[in-house]
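S.K.: Listed in order, the protein sequences are those of chains A and B. Going letter by letter, the first sequence gives residues 24 to 290 in our numbering. Going letter by letter, the second sequence gives residues 303 to 560 in our numbering. Ideal Cβ positions, reconstructed from N, Cα and C, are used throughout, including at glycine.
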Amino acid sequence: MQAILKQIEQNNLLARIGRVFLVFLEAIGRLSLFISNAIMSGIRPPYYPRQLGRMMIEIGYYSLPVIGLTALFTGAVLALQSYSGFARFSAESSIPIVVVLSITRELGPVMAGLMVAGRIGAAFAAEIGTMRVTEQIDALVTLSTNPFQYLIFPRLVAGTLMLPCLVLVADIIGVFGGYVVSTHSLGFAAGPYINNTWNYLETKDVVSGLVKAAAFGFIVTLMGCYHGYHSKGGAQGVGAATTNAVVSASILILLSNYFLTELFFSV
Amino acid sequence: MSTTPKIELRDVYKSFGRKKVLDGVNLTVTPGESLVIIGGSGSGKSVLIKNILGLIRPNKGKIFFDGKDITHDSFRKREPMLRKCGMLFQGGALFDSLPVWRNIAFVATQGRGGLSTAQARALAVEKLAAVGMPPEVADLMPAELSGGMQKRVSLARAIATNPEVIFFDEPTTGLDPIMADVINELIVSCVKKLGSTAITITHDMSSVRKIASRVAMIYQGKIIWDGPVSAIDSSGNPYVDQFVHGRAEGPITQGVKG
C-alpha cells in the first residue's frame with residue numbers, strides 16, 4: 024500500500040509541484056523565524072559591543088580596497104562607454120551627469136553589495152558554518168550565551184550600518200574615476216565637468232543609493248549568517264553553505280534592487 | 303529518595319526524520335554522583351545530553367532540572383540553569399577567534415560577567431593551573447595547541463564558572479592512552495574539588511572505571527542497564543557484558559542500517 028502511494032506520488036505532477044512549493048514555504052518560514060529570533064533577542068541585553076566593533080571593522084574597513092578599486096574602474100568605464108555612445112548624437116556634454124547618476128543611484132550600491140556578498144557573505148557563512156560543525160555554537164549555549172545575541176545580531180547591525188558608508192566612499196571614488204578618464208583622455212575641462220556633476224545631482228539620488236546599500240548590507244549579512252548557522256555535515260556542508268550564501272545574497276540584491284528603485288523613482 | 307534528583311528524564315523520545323534515536327529514555331541523576339553513560343557509536347548518547355542542555359528538543363517526554371520542568375523552555379528561561387552547567391565537548395569546541403585565556407574566562411568577560419580584563423586573566427591562569435597547564439599558554443590561540451592540550455583548555459573553560467553539573471562528551475576520544483589517563487584524572491579531581499554532579503558519555507572502558515560512580519548503558523535508544531560501577535563486570539546482562547569486554551559476537555549487532 025505504501026509503495027503504491029509512493030509510486031503515485033512520484034508520478035503525479037501536481038504532487039511534485041506541491042512538494043516544491045512546500046519546500047519553498049518551509050524555507051521562507053525558517054528564514055522569517057531566523058530574522059525575528061535574531062532581532063528579538065538582539066535588542067535585549069546583554070549586548071556585545073566588542074563583537075559589533077570587530078564586525079564593523081571587518082566589513083567597513085577591510086572591504087575598502089575592493090570597493091575602491093571596483094568603483095574607480097566602474098566610473099572610468101562608464102565615462103568611456105557613454106562617450107563613445109553619446110558621441111553618435113553629439114550629447115557628450117551629458118557624460119558628467121550620466122556618470123554621477125549611474126554611480127550614486129545604481130552602480131555604487133549594487134557593485135558594493137555584490138562585492139561585499141562575495142567577501143563578507145562568504146566569510147560569515149564559512150566562519151559560522153565551521154563554528155556549527157565544530158560544536159562551537161553549542162558551546163556558546165552551554166556558556167549561557169545566546170548565539171543570536173553574540174554571533175548573529177552584531178553581524179546584521181554591522182552590515183546594515185557599514186554598507187552605506189562603503190557606498191558613500193564608492194560614490195566619490197566612482198565619480199572620480201569618471202572624472203579622471205574624462206579630463207585626461209576625452210578632452211573635458213576640469214572645472215565645467217565638476218560643475219556639471221554638482222549642479223544636476225539631487226540629494227535624493229545619493230540618499231536612495233544609501234538606503235539601498237543598507238538593505239543590501241542586511242541581505243548579505245543575513246544570508247551569510249543564515250546559511251552558516253544551518254550548515255551541517257563537515258567541510259562539505261560548510262562549502263555548500265558558503266556557496267548558497269553568496270548566490271542567494273547576489274540574487275536577492277538584484278531582485279530587491281529593482282523593487283527599491285521602483286519604490287523610489289516610479290512616480 | 304529524599305532529595306530531588308539533579309536531573310530527571312521521563313520517557314524522552316527523539317527522532318530525526320524516520321530514524322528513532324531516543325526511544326523512551328528514563329534516567330535519574332542524583333546530586334553529587336558521577337554517572338557515565340556507555341553505548342556504541344550512534345546509540346544516541348550525544349543526543350541524550352544535548353536534549354538535557356536544550357541544544358536539541360525532544361519530540362516527547364519531559365526533562366527536569368532541580369525538579370523544574372525545562373523541556374520546552376526558551377533560551378531566556380533556560381539561562382539560569384545553563385549558568386549552573388558546564389560542558390566539555392568531544393572536539394574541544396574552543397572559540398578559535400579568541401586566545402586561550404578569553405576562552406576560559408568567556409562567561410566572565412562577555413556581557414554581564416563584570417570582571418575586569420586583569421581579573422579575567424587571573425581567573426584563566428588559575429583554571430589553567432587546575433588542569434596542569436603553565437600560565438604562558440593563556441596567550442596562545444587554540445589552533446596553536448595539540449589535541450590533548452585543547453581538551454585540557456576546554457576542561458578549564460568548562461569548570462571556570464564552578465558549575466553544579468558538568469557534562470563530558472567522549473572526553474578521551476582521539477587521545478593517546480597516557481593523555482587519556484591525564485584527562486580522566488583531571489576530571490575526577492575537578493569534579494571532586496567542585497563537588498559537582500558529572501555526566502559523562504564514553505565508550506572507553508578505562509575511562510568508565512576511573513570516573514564513574516554509576517553506569518548506565520544505552521542501546522537502541524533505551525537505557526537497558528543501570529547500576530553502580532562495581533557491578534559492571536557481574537551485571538548478568540549480555541549486552542553490557544559484550545560491551546564491557548569489547549567482543550564482536552553477542553546480542554549487539556552493529557546497526558549498519560541505522
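Which word fits L101/A, buried or exposed, when buried means at least 16 other C-beta atoms lie within 10 angstroms of its C-beta?
M.R.: Along the first sequence, read from residue 1 onward, the residue named residue 101/A stands at position 78. Buried.
S.K.: The stretch 155-169 of chain A: which residues have C-beta closer than 7 Å to a C-beta of chain B, in chain order?
M.R.: Answer in chain order: T157, E158, Q159, D161, A162, V164, T165, L166, S167, T168 and N169.
S.K.: According to DSSP, is P530/B helix, strand or coil?
M.R.: Looking up residue 530/B in the second sequence gives position 228. P530/B falls in the strand class under three-state DSSP.
S.K.: Return helix, strand or coil for I276/A, following the three-state DSSP convention.
M.R.: Locating residue 276/A in the first sequence gives position 253, where the first residue counts as 1. Correct three-state label for I276/A: helix.
S.K.: Would the stretch 395-412 of chain B count as touching the stretch 479-492 of chain B if we require 3 or more Cβ pairs under 8 Å?
M.R.: No, they do not touch.
S.K.: May I ask which residues mark the beginning and end of the alpha helix (DSSP H) holding R454/B?
M.R.: Looking up residue 454/B in the second sequence gives position 152. From DSSP, the alpha helix (DSSP H) with R454/B extends over G449 to I461.
S.K.: Counting C-beta neighbours from all protein chains within 10 Å, is the total for F391/B 16 or more, i.e. buried, or is it exposed?
M.R.: Within the second sequence, the letter at position 89 stands for residue 391/B. Label assigned to F391/B: buried.
S.K.: Are the C-beta of Y281/A and some C-beta of chain B separated by less than 8 Å?
M.R.: Looking up residue 281/A in the first sequence gives position 258. Closer than 8 Å: no.
S.K.: Using the beta-carbon of each residue, which ones in chain B are nearer than 9 Å to Y106/A?
M.R.: As a working mapping, residue 106/A is identified with position 83 in the first sequence. Per Cβ cutoff of 9 Å: no residues; Y106/A is ~48 Å from chain B at best.
S.K.: Measure the CB-CB distance between V133/A and N267/A and report whether it falls below 8 Å.
M.R.: Here the question's residue 133/A lines up with position 110 in the first sequence. Here the question's residue 267/A lines up with position 244 in the first sequence. No. Outside cutoff.
S.K.: For the stretch 210-228 of chain A against the stretch 119-137 of chain A, are there 3 or more C-beta pairs whose distance is under 8 Å?
M.R.: Taking 8 Å as the limit for Cβ pairs, the verdict is that the stretch 119-137 of chain A does touch the stretch 210-228 of chain A.
S.K.: Residues in the same chain with beta-carbon distance under 7 Å from S348/B, minus the five sequence neighbours each way, listed in chain order, please.
M.R.: As a first step, residue 348/B is located in the second sequence; it is residue number 46 there, counting from the start. Taken in chain order, the residues that qualify are D471 and I503.
S.K.: Residues in the same chain with beta-carbon distance under 7 Å from Y521/B, minus the five sequence neighbours each way, listed in chain order, please.
M.R.: Here residue 521/B corresponds to residue number 219 of the second sequence, with the count starting at 1. Counting only Cβ-Cβ distances below 7 Å, and skipping sequence neighbours, we find G341, S345, Y541 and I554.
S.K.: How would you label I126/A, buried or exposed, when you count the other beta carbons within 10 angstroms and need 16 or more for buried?
M.R.: Numbered from 1 along the first sequence, position 103 holds the residue referred to as residue 126/A. By the neighbour-count rule (16 or more Cβ atoms within 10 Å), I126/A is buried.
S.K.: Tell me whether K29/A is buried or exposed, calling it buried when 16 or more other Cβ atoms sit within 10 Å of its Cβ.
M.R.: The residue labelled residue 29/A in the question sits at position 6 within the first sequence. Result: exposed.
S.K.: So, using beta-carbon positions, are A458/B and L430/B closer together than 8 Å?
M.R.: For the purposes of this step, residue 458/B is taken as residue 156 along the second sequence, with counting starting at 1. For the purposes of this step, residue 430/B is taken as residue 128 along the second sequence, with counting starting at 1. Against a cut-off of 8 Å, the Cβ pair of L430/B and A458/B comes out as a contact.
S.K.: Could you have a look at K386/B and say whether DSSP puts it in helix, strand or coil?
M.R.: In the second sequence, residue 386/B corresponds to position 84, counting from 1. Residue state, collapsed to three classes: coil.
S.K.: Does the beta carbon of Y71/A sit closer than 8 Å to a beta carbon anywhere in chain B?
M.R.: Within the first sequence, numbered from 1, the residue matching residue 71/A stands at position 48. Closer than 8 Å: yes.
S.K.: Do the stretch 170-187 of chain A and the stretch 72-85 of chain A meet, that is, are 3 or more Cβ pairs less than 8 Å apart?
M.R.: The stretch 170-187 of chain A vs the stretch 72-85 of chain A: in contact.
S.K.: Taking the alpha helix (DSSP H) that A205/A belongs to, which residues open and close that run?
M.R.: Looking up residue 205/A in the first sequence gives position 182. Inspection of the sequence shows that residue 205/A is occupied by Ser rather than by Ala. F176 to S208 is the span of the alpha helix (DSSP H), which, as asked, contains S205/A.
S.K.: With Y315/B as the anchor, note down where its alpha helix (DSSP H) starts and where it stops.
M.R.: The count along the second sequence starts at 1 and reaches residue 315/B at position 13. No alpha helix (DSSP H) contains Y315/B, which is instead part of the beta strand (DSSP E) from I309 to F318.
S.K.: When the cut-off is 8 Å and only beta carbons count, does E446/B lie next to chain A?
M.R.: Here residue 446/B is taken as the residue at index 144 of the second sequence, counted from 1. Output row for E446/B: interface = no.
S.K.: Name the residues in the stretch 350-371 of chain B whose C-beta lies less than 9 Å from a C-beta of chain A; which are they?
M.R.: So the list reads K352, L355, G356 and L357, given in the order they occur along the chain.
S.K.: Beta-carbon of A410/B versus every beta-carbon of chain A: anything under 8 Å?
M.R.: The sequence position of residue 410/B within the second sequence is 108, counting from 1. Output row for A410/B: interface = no.
S.K.: Can you give me the C-alpha to C-alpha distance between V314/B and N328/B, rounded to a whole angstrom?
M.R.: Here the question's residue 314/B lines up with position 12 in the second sequence. Here the question's residue 328/B lines up with position 26 in the second sequence. Looking at the two C-alpha atoms, the distance is approximately 7 Å.
S.K.: Where are the alpha helix (DSSP H) runs, 4 residues long or more, that stay fully inside the stretch 401-447 of chain B, in chain order?
M.R.: Whole alpha helix (DSSP H) segments, 4+ residues: 402-406, 408-411 and 419-432.
S.K.: Would L48/A be called buried (16 or more neighbouring beta carbons within 10 Å of its own) or exposed?
M.R.: Along the first sequence, read from residue 1 onward, the residue named residue 48/A stands at position 25. By the neighbour-count rule (16 or more Cβ atoms within 10 Å), L48/A is not buried but exposed.
S.K.: Pull up the DSSP beta-bridge partners for D471/B, would you.
M.R.: The residue you call residue 471/B lines up with position 169 of the second sequence. Answer is I503/B.
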